[in-house]
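Protein sequence lines correspond, in order, to chains A and B.
Numbers 1 to 324, taken from full-length UniProt numbering, label the letters of the first sequence in order.
Numbers 1 to 372, taken from full-length UniProt numbering, label the letters of the second sequence in order.
No residue lacks a Cβ here, since even glycine has one placed at the ideal position from N, Cα and C.
Being a predicted model, the structure only gives us computed values, none of them experimental.
For reference, the structure is listed below as structure tokens.
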Amino acid sequence: MSDRTLLEVEDLHLHYQTRRGVVRAVDGVSFDVRRNEALVVLGESGCGKSSLAKALMRVLPRNVHQVSGRVTLDGTELLAMSDESFRRDVQWVRMALVMQASMNALNPVVRVGEQVVEPLRVLRQWPRARAMARAVEVFELVGVSTDFLQRYPLELSGGMRQRVVLAMALVAEPELVILDEPTSALDVLTQAGIMNLLKRLKRELGTSFILITHDVATSSELADRVALMYAGQIVEVADAVQFFTEPAHPYSKMLMASVPRLRQEHRPEPILGQPPSLLEPPSGCRFADRCPSCFKRCAQDPKFIRLGDRRRVRCWLYAEGGDR
Amino acid sequence: MSRETATRSPAGRGLMRDLRRLSIYTVKRLLALFVTVLVGVYLTIVIANMGGQVDELRMVQIRSEAAESVRANPDFQGMSSEERNQLIQRRVALEVERLRLDEPFILRSVDYLQQAISLNLGRAEQMHSDRGSRQVYDIIVERLPATLLLFGTANLLVFFVSVFSALSLSRRYGSLLDRCVIALAPSSAAPGWFYGIFLILLFAFVMPVLPASGMVAAPPPEGIWAYAASVLRHMLLPLTAMFVSQLFVSIYSWRTFFLIHSSEDYVEMARAKGLPSNLIERRYILRPTLAPIITSFLLMLVGLWSGAIILEQVFNWPGLGSLLFQAIGHRDTPVIIGSVVIFAYLLAMTVFLLDILYALLDPRIRIEGGER
Chain A
1 MSDRTLLEVE
11 DLHLHYQTRR
21 GVVRAVDGVS
31 FDVRRNEALV
41 VLGESGCGKS
51 SLAKALMRVL
61 PRNVHQVSGR
71 VTLDGTELLA
81 MSDESFRRDV
91 QWVRMALVMQ
101 ASMNALNPVV
111 RVGEQVVEPL
121 RVLRQWPRAR
131 AMARAVEVFE
141 LVGVSTDFLQ
151 RYPLELSGGM
161 RQRVVLAMAL
171 VAEPELVILD
181 EPTSALDVLT
191 QAGIMNLLKR
201 LKRELGTSFI
211 LITHDVATSS
221 ELADRVALMY
231 AGQIVEVADA
241 VQFFTEPAHP
251 YSKMLMASVP
261 RLRQEHRPEP
271 ILGQPPSLLE
281 PPSGCRFADR
291 CPSCFKRCAQ
301 DPKFIRLGDR
311 RRVRCWLYAE
321 GGDR
Chain B
1 MSRETATRSP
11 AGRGLMRDLR
21 RLSIYTVKRL
31 LALFVTVLVG
41 VYLTIVIANM
51 GGQVDELRMV
61 QIRSEAAESV
71 RANPDFQGMS
81 SEERNQLIQR
91 RVALEVERLR
101 LDEPFILRSV
111 DYLQQAISLN
121 LGRAEQMHSD
131 RGSRQVYDII
141 VERLPATLLL
151 FGTANLLVFF
161 VSVFSALSLS
171 RRYGSLLDRC
181 VIALAPSSAA
191 PGWFYGIFLI
201 LLFAFVMPVL
211 PASGMVAAPP
221 PEGIWAYAAS
231 VLRHMLLPLT
241 AMFVSQLFVS
251 IYSWRTFFLI
261 HSSEDYVEMA
271 RAKGLPSNLI
281 ERRYILRPTL
291 APIITSFLLM
301 LVGLWSGAII
311 LEQVFNWPGL
321 GSLLFQAIGH
331 RDTPVIIGSV
341 VIFAYLLAMT
351 VFLLDILYAL
361 LDPRIRIEGG
371 ER
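Given below as structure tokens:
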């Protein structure tokens, strides 16, 4: 673990108990995030991206069956902490979350200014005046007029609300902000505005981001590194440029081939088939069914194989002596 | 916006704007409610008079009463039947003029409406209060405290017990206690009087520890404390009957309500923000849902005013429910209309209060209400 590493996640599992059995939404995920780095977690819907965010932030639904692994934030082991001390010392103050569907993430009957400073007022017992001064700061930071401090959420447009939620995430100056599909409910222009804002914030504040998304195009704007998830596991982690120009895992390759390009003569190719159920995931490589380069060894669980300095791939194609 | 308000701080401006919207909204609601009361009371007048059909019944009654009184009076014994008939005709005509039965019903109905709306409820035709007054107003006011006491206590108990146990139950979703309450919810399928009959059987006859009916022992005990104790003893059985019949379904529905509202995105966000759970419960679950909670509370209070017809009969409780029952039995139109008028006013006042409270509590209503 280098001293530039902020968050280190090792073998994280989050399983849900359902009527039909145990759903392995996050099944042995490992990655790390450096200071002032934006890690994009890419994946199609249902691959466990949001569950990953929930497991990191400890916002868990009632039917959790198992959470295990190791999550270290700047030397603090998070999963070992009690709920109470996690809530008091880590949540929001060191690590904040911008949730999916944040259109509805604001309490409709509380003025947005109040909501934004709530973590400061409640967790740090700041006096009102000081907290509101900070609210003015973060509103200016995210480009929302300070007039809106006294408004209610329904008086704000979707893009404004998203910025307010972002301001709320930044209010306690956390080291890490997790953004779960922050732009998926917005139109393209507003999306672009938010992405530009995120880029600026990363540059100015030095905050680290984990951006969870299914949208390859928007993610490429912010990403320093990319982690690609498939069926509850990470199949490839690589630097963004490397990932987007020469993807290694067969799924990454097919994913990049499925994205329409503006300036190239390129026909998007869909990935045929369905991801496996997370209820009882097949043993061996989970992508084997849809993989064009599947071979005998894929019936065994693939290891995470290190390729070069900062790239790792979960695929037998890259194993030592792993030729067919 | 004038220059003066434009230069105020954003907070002051927000408040001014809210106040202006609130007052426009209030006036609109008041007008709408008044029209509602008018329509409701007028419909009752038309229905209770059967669209004027009752007039014919009344004519028959007037004629027979006039004939009876003339025949029974020894002063008129010496008259010829011709003279006596004329006398009867004159008396009928007088009575018709007094009640203005010669005018079309539609004209009179407007007068009735005006009287009813100005709370001039008139005299009962058959019934009278225990003190002997025939004024509808006196009759109703005499019965009101009994109903309010019994139903107020019962409903307040049910409401607060169920809301608070539902809130704690929604935290323990799926626990044994939770499942027990759900299993008991169908117990509310039977109405209160049904449990009342069994309670009377058990506690008044099998084990005679409590009085079976009435509101106070006869003769009423001297002294305010002895009187109160006696009323309390009489209240116990009807109270239990209502409590048992309403409690579980009420807990069940509130629990479901809180469960739904505790899975809103903003509640999850509040959890992610690391807020303590009692604050989340107060500010993120109770406060956004305060409007429906208060609605249900106030509508329950309105429900009190009408009493419960069968329960009051079973326990022989001298309240408004049994009054209405008797009035319908006697076809005493003024009493029926009187109770409906009072009920309509109370309902309208409650709804108005609710509208204002909504607007104060919930910016979603305040802001949209003022802009339309």
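Between the options, which lies nearest to residue i when the distance is taken from Cα to Cα?
i	options	result
A/LEU278	A/VAL9, A/LEU12, A/TYR16 and A/LEU6	A/TYR16
A/ILE194	A/LYS202, A/SER220 and A/GLY159	A/GLY159
A/GLN100	A/ARG163, A/THR183, A/GLU37 and A/VAL26	A/THR183
B/PHE315	B/GLY40, B/LEU30 and B/LEU239	B/LEU239
B/TYR252	B/SER165, B/TYR266, B/ALA217 and B/VAL216	B/SER165
A/LEU56	A/THR72, A/LYS253 and A/ASP224	A/THR72
A/SER252	A/ARG312, A/ARG58 and A/GLN66	A/ARG312
B/LEU259	B/TYR173, B/GLU56, B/GLU142 and B/GLN89	B/TYR173
B/SER266	A/GLU320, A/VAL165, A/VAL138 and A/TRP126	The question names Ser, but residue 266 of chain B is Tyr in the sequence shown. If we check each option's Cα against that of B/TYR266, A/VAL165 comes out closest.
A/PHE139	A/TRP126, A/HIS13 and A/ALA172	A/ALA172
A/LEU179	A/LYS199, A/LEU189 and A/LEU156	A/LYS199
A/VAL64	A/ARG70, A/SER51, A/GLY75 and A/ASP74	A/SER51
B/ALA48	B/PHE352, B/ARG131, B/ILE328 and B/LEU354	B/ILE328
B/LEU311	B/ILE197, B/GLN135, B/HIS128 and B/GLY274	B/ILE197
B/ILE117	B/GLY40, B/GLY52 and B/LEU286	B/GLY40
Hey, quick one: how far does the alpha helix (DSSP H) through residue i stretch, first residue to last?
i	result
A/SER68	Run containing A/SER68: none in the alpha helix (DSSP H); it sits in the beta strand (DSSP E), 64-73.
B/HIS234	224-261
A/ARG161	158-170
B/ALA166	136-171
B/GLY196	192-200
A/GLU114	112-123
A/GLU137	128-142
Run down chain A in chain order and give the residues with a C-beta less than 7 Å from the C-beta of residue i.
i	result
B/LEU33	Neighbours of B/LEU33 on chain A: none; closest Cβ ~25 Å, over 7 Å.
B/ASP362	VAL109
Residue j and residue i - do their beta-carbons sit closer together than 9 Å?
i	j	result
A/ARG314	A/ILE234	yes
A/LEU149	A/VAL116	yes
B/ALA308	B/GLY192	yes
B/VAL158	B/PHE243	yes
A/ASN208	A/VAL33	It is worth fixing the name first, because residue 208 of chain A is Ser in this sequence and not Asn. Contact flag set, yes.
A/PRO260	A/PRO268	yes
B/VAL340	B/LEU119	no
A/SER68	A/ASP147	no
B/VAL231	B/VAL249	no
A/LEU42	A/LEU228	yes
B/GLU125	B/ARG331	yes
B/ASN155	B/GLY321	no
A/LEU6	A/GLU37	yes
B/LEU323	B/ARG143	yes
B/THR350	B/LEU298	yes
A/GLU44	A/HIS249	no
A/ARG121	A/VAL142	no
B/MET235	B/LEU150	yes
B/ILE45	B/VAL96	no
A/ASN308	A/CYS298	As written in the sequence, residue 308 of chain A is Gly, which differs from the Asn given in the question. Cβ atoms of A/GLY308 and A/CYS298: not closer than 9 Å.
A/VAL241	A/VAL40	no
Along chain B, in chain order, which residues have C-beta atoms closer than 9 Å to that of residue i?
i	result
A/GLU118	ALA270, LYS273, LEU275, LEU279 and ARG283
A/LEU97	MET269, ALA272 and LYS273
How would you list, in chain order, the residues of chain B whose beta-carbon sits under 7 Å from the beta-carbon of residue i?
i	result
A/LEU123	GLY274
A/LEU106	TYR266
A/ARG87	GLY274
Which stretch, first to last residue, makes up the beta strand (DSSP E) that contains residue i?
i	result
A/PHE304	304-307
A/GLN233	233-239
B/SER81	Counting along the chain, B/SER81 falls outside any beta strand (DSSP E), though it belongs to the alpha helix (DSSP H) covering 81-99.
B/SER129	Here B/SER129 belongs to no beta strand (DSSP E), and DSSP marks it neither H nor E.
A/ASP180	176-180
Could you list which residues in chain B have their beta carbon closer than 8 Å to that of residue i, in chain order?
i	result
A/TRP92	ALA272, LYS273 and GLY274
Between residue i and chain D, is the shortest Cβ-Cβ distance under 9 Å, so that the two count as touching?
i	result
A/GLU8	No chain D appears in this structure, whose protein chains are A and B.
Against chain B: residues of the region 25-50 of chain A by CB proximity under 7 Å = none
Members of the region 247-270 of chain B near chain A, C-beta cut-off 9 Å = Taking 9 Å as the Cβ-Cβ cut-off against chain A, the residues of the region 247-270 of chain B that qualify are SER263, GLU264, ASP265, TYR266, VAL267, GLU268, MET269 and ALA270.
Give the residues from the region 287-298 of chain B that approach chain A closer than 7 Å (Cβ to any Cβ), ordered along the chain.
-> Correct list: ARG287 and PRO288.
What residues in the region 156-187 of chain B bring their beta carbon closer than 9 Å to a beta carbon of chain A?
-> TYR173 and GLY174
Could you run through the region 52-81 of chain A and flag, in chain order, every residue whose CB is less than 7 Å away from some CB of chain B?
-> MET57, VAL59 and ARG62
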